[in-house]
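S.K.: Read left to right, the sequence shown gives residues 1 to 126 (the UniProt record's numbering).
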Amino acid sequence: MSLDLYAYIWGALFVLIFSNIAVCLYVAFFKLSLIESHLANCKLVENNRDIWRGGLFGRMYRLGQISGMIFFPSPIVKNGEADLEEIQRLPAELKRWVKIPYATMALLSIAMLVLWAWGKQAGWLK
Numbered sequence: 001m002s003l004d005l006y007a008y009i010w011g012a013l014f015v016l017i018f019s020n021i022a023v024c025l026y027v028a029f030f031k032l033s034l035i036e037s038h039l040a041n042c043k044l045v046e047n048n049r050d051i052w053r054g055g056l057f058g059r060m061y062r063l064g065q066i067s068g069m070i071f072f073p074s075p076i077v078k079n080g081e082a083d084l085e086e087i088q089r090l091p092a093e094l095k096r097w098v099k100i101p102y103a104t105m106a107l108l109s110i111a112m113l114v115l116w117a118w119g120k121q122a123g124w125l126k
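#1: What's the C-alpha gap between V45 and W124?
#2: Determine the burial state of S67: buried for a count of at least 16 other Cβ atoms within 10 Å of its Cβ, exposed for fewer.
#3: Using 8 Å as the threshold, is the C-beta distance between F18 and R59 below it?
#4: Note down, one range per segment and in chain order, each beta strand (DSSP E) of at least 3 residues found wholly within the stretch 70 to 102.
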């Protein structure tokens, strides 16, 4: 593999990352209110809405908290901050709007680490 191809792969990876961030922003600004309305009885959602408000970072934080609640509901349910039945009743379409971008970002982060290690091993990175 040449250094040029390696650089193109990095470029493609960054395009994918920024595209995924754009999708997360879309969800945060256009789907978050609908998602939160389905999770109205969750203390976590209610508290985050009151604390973080509607700015860019607040919306992204709230979306991150909801994704954590959807991916790993057990600790949040144990703390009494959410109702498992309410999380399970969230429509599949809305769950996909939360799950896909965050799972994609996790995979892209792993791909970045693998690509970095590959570059180090090949001697292209100092």
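The C-beta atom is built at its ideal place from N, Cα and C for all residues, glycine as well.
The structure presented is a predicted model; accordingly, all values stated were derived computationally and were not measured.
M.R.: Result, derived from the coordinates:
#1: 46 Å
#2: buried
#3: no
#4: none
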